[in-house]
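These protein sequence lines map, in sequence, to chains A and B.
Number 43 in full-length UniProt numbering belongs to position 43 of the first sequence; there are no gaps in the numbering.
Number 104 in full-length UniProt numbering belongs to position 104 of the second sequence; there are no gaps in the numbering.
Comments concern the structure below.
There are 2 protein chains.
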Amino acid sequence: MPRRNTVLRLSPEEELEMRALEDGWREIEPATARRLLVAGVMAFAAKGYHATTTRDIAERAGLSPGGLYVHFASKEELLYRISLAGTRESLEHVRKAAMAADNTPQARLRAVIESLAVRGARYHTTGRVIEYELGSLDEGHRAEVAALRREIAAIVREILEDGRRQGVFDVPDVEGTTVAVLSLAVDVARWYRTSGRRAPEEIGDLYADLAWRLVRKVP
Amino acid sequence: MPRRNTVLRLSPEEELEMRALEDGWREIEPATARRLLVAGVMAFAAKGYHATTTRDIAERAGLSPGGLYVHFASKEELLYRISLAGTRESLEHVRKAAMAADNTPQARLRAVIESLAVRGARYHTTGRVIEYELGSLDEGHRAEVAALRREIAAIVREILEDGRRQGVFDVPDVEGTTVAVLSLAVDVARWYRTSGRRAPEEIGDLYADLAWRLVRKVP
């Protein structure tokens, strides 16, 4: 048995997210690599990427000090895999949300922002690590993650442009409003606390409404 | 002469903010303490609080390895002074903005959000350090910074309540909207790049407009 439970000293909040992450990443094989990714999120969140050693991460995952290197070439590769997995999932969720909604720009915008805000709350520790440590990635890896983020932004921009074209949105500044709408959803990960009064789904509802207010056409 | 220019290797973007910070903090005396605060911002931004040594900071400020301890008891005290200075200034700016604007809730909200967004862009490195390292502060220090942040939030909340009372705002969820409006402005520090196309003042204008859209009453 891995000895992680004796080593971790996680808050109940982190325990919760760790379990959610392990579940969300269940397709990542082998299980030890998955456990290392989750341990990496928690370790980076606790003291930042640069102050975390591969030994810290291995210990959290219940492995021997060098155990990380069986699955990842370096600490940077682990951060890259975390960033890639998290950003890819966000992109997939955003795509699905945009397609599942009825085909009005309003419904698509609401669904996309709701999806991002709910994920931002539910996986707030992961979200913070990905945002705060973007600058710690190697240039090539950073560019790859940035490209996925641009795909998410492109979906939002297209919805805003559609809404404008159809005369249902009033968006004088599509570029700036795209950044702002995404910013609103991304920032949920920063301020969200599990101990707060709102469930992720309630935050999703509120943010879908706020996004709509930012763009709606006023008679 | 301090030898910092040979040690720093700052990007032009960081150089710019460093000079703005030194100017903005010119009331902090002696000048060496001020230089250490600025060096701390740059060092924490470069590799995170936990991986930064007091020696790194002293070197960036052009001092001997132990030079920080003449002015600050610890690395944590330096981070606390940075967080306190930055948050106090934000609060002062927000107060002034709210008072200078004409006395309608709309004008006050615009002025407050414009002020926060402009500062978020202009001092984005400082803003990131304060946000990302909040958890690295000792409990008492964190509580002190949090209390200042609650004062900023209270000003925004009061404006929203006034607007609602006067029948000029439509804000079904004052608490959630206060968080969201502040979040929009705070998050500018995360995404802002000096190399981007917009000046801080343009971002301030756009964000004042977006904040207004979030609360305006639709006929």
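Ideal placement from N, C-alpha and C gives every residue a C-beta, glycine not left out.
Tell me, please, whether the stretch 85-94 of chain A touches the stretch 125-143 of chain A by the rule of three or more beta-carbon pairs shorter than 8 Å. Touching, yes.
Q.
Contact between the stretch 191-201 of chain A and the stretch 152-171 of chain B is defined here as three or more beta-carbon pairs at a separation below 8 Å; is this criterion met?
A. The stretch 191-201 of chain A vs the stretch 152-171 of chain B: no contact.
Worksheet item: Which parts of the stretch 89-154 of chain A are runs of the alpha helix (DSSP H), unbroken and 4 residues or longer, counting only runs that do not cross its ends?
Response: Qualifying alpha helix (DSSP H) stretches, in chain order: 105-122, 124-132.
In chain order, what residues of the same chain lie with their CB nearer than 6 Å to the CB of residue 65/B, ignoring the 5 residues before and after it?
Residue mapping note: residue 65/B aligns to position 65 of the second sequence, counting from 1. Spatial neighbours of residue 65/B in its own chain (CB-CB distance under 6 Å, excluding positions within 5 residues in sequence) are listed in chain order as 55, 58.
Measure from the C-beta of residue 25/B to each C-beta in chain A and report whether the shortest distance is under 8 Å. Here the question's residue 25/B lines up with position 25 in the second sequence. Using a CB distance cut-off of 8 Å, residue 25/B does not count as an interface residue toward chain A.
Residue environment, residue 122/A, which counts as buried when at least 16 other CB atoms sit within 10 Å: Locating residue 122/A in the first sequence gives position 122, where the first residue counts as 1. Taking every protein chain shown into account, the CB of residue 122/A has 16 or more other CB atoms within 10 angstroms, so this residue is buried.
Original post:
So which of 12/B, 10/B, 11/B, 37/B has the shortest CA-CA distance to residue 23/B?
Top reply: Looking up residue 23/B in the second sequence gives position 23. By alpha-carbon distance to residue 23/B, the top candidate from 12/B, 10/B, 11/B, 37/B is 37/B.
- Query: For residue 207/B, which option in 119/B, 148/B, 132/B has the closest C-alpha, if you only look at C-alpha atoms?
  - Reply: Locating residue 207/B in the second sequence gives position 207, where the first residue counts as 1. Per the Cα distances, 119/B.
For this session: Compute the Euclidean distance between the alpha carbons of residue 13/B and residue 210/B, then round it to the nearest angstrom.
Result: In the second sequence, counting from the first residue as 1, residue 13/B sits at position 13. In the second sequence, counting from the first residue as 1, residue 210/B sits at position 210. Take the alpha-carbon of residue 13/B and the one of residue 210/B: they are about 27 Å apart.
> Is residue 89/B closer than 8 Å to residue 137/B when the C-beta atoms are compared?
Replying inline: Your numbering for residue 137/B matches position 137 in the second sequence. Your numbering for residue 89/B matches position 89 in the second sequence. 8 Å or more divides the Cβ of residue 137/B from the Cβ of residue 89/B.
ask   = So, using beta-carbon positions, are residue 177/A and residue 145/A closer together than 8 Å?
value = Walking along the first sequence from the start, residue 177/A turns up at place 177. Walking along the first sequence from the start, residue 145/A turns up at place 145. Pairing residue 177/A with residue 145/A gives a Cβ-Cβ distance that is not under 8 Å.
inquiry  = Is it buried or exposed, residue 3/B, if we count other Cβ atoms within 10 angstroms and call 16 or more buried?
reply    = Position 3 of the second sequence holds residue 3/B. Annotation note: pLDDT 40 at residue 3/B (below 50); position unreliable, coordinate value reported separately. Residue 3/B is exposed by the Cβ-count criterion.
Secondary structure of residue 44/B, DSSP reduced to three states:
Sequence index remark: in the second sequence, residue 44/B carries index 44 (1-based). Residue state, collapsed to three classes: helix.
- Could you name the residues of the stretch 47-59 of chain B whose beta carbon sits closer than 7 Å to any beta carbon of chain A, in the order they occur along the chain? If the cut-off is 7 Å between Cβ atoms, the stretch 47-59 of chain B has 47, 48, 49, 50, 51 near chain A.
Tell me whether the beta-carbon of residue 156/A lies closer than 8 Å to the beta-carbon of residue 181/A. For the purposes of this step, residue 156/A is taken as residue 156 along the first sequence, with counting starting at 1. For the purposes of this step, residue 181/A is taken as residue 181 along the first sequence, with counting starting at 1. At the C-beta level, residue 156/A and residue 181/A come within 8 Å of one another.
Residue 132/A: contacting residues in chain B (beta-carbon distance under 7 Å) = By 1-based counting over the first sequence, the position of residue 132/A is 132. Chain-order list of chain B residues neighbouring residue 132/A: 132, by C-beta distance under 7 Å.
Inset, instruction - Using a Cβ cut-off of 8 Å, pull out every chain A residue sitting near residue 180/B, in sequence order please. - result: Your numbering for residue 180/B matches position 180 in the second sequence. Against chain A, the beta carbon of residue 180/B has neighbours under 8 Å at 184, 206, 207, 210, listed in chain order.
| Is the shortest distance between the beta-carbon of residue 218/B and the beta-carbons of chain A less than 8 Å? | The residue labelled residue 218/B in the question sits at position 218 within the second sequence. Yes - at least one Cβ of chain A is within 8 Å of the one on residue 218/B.
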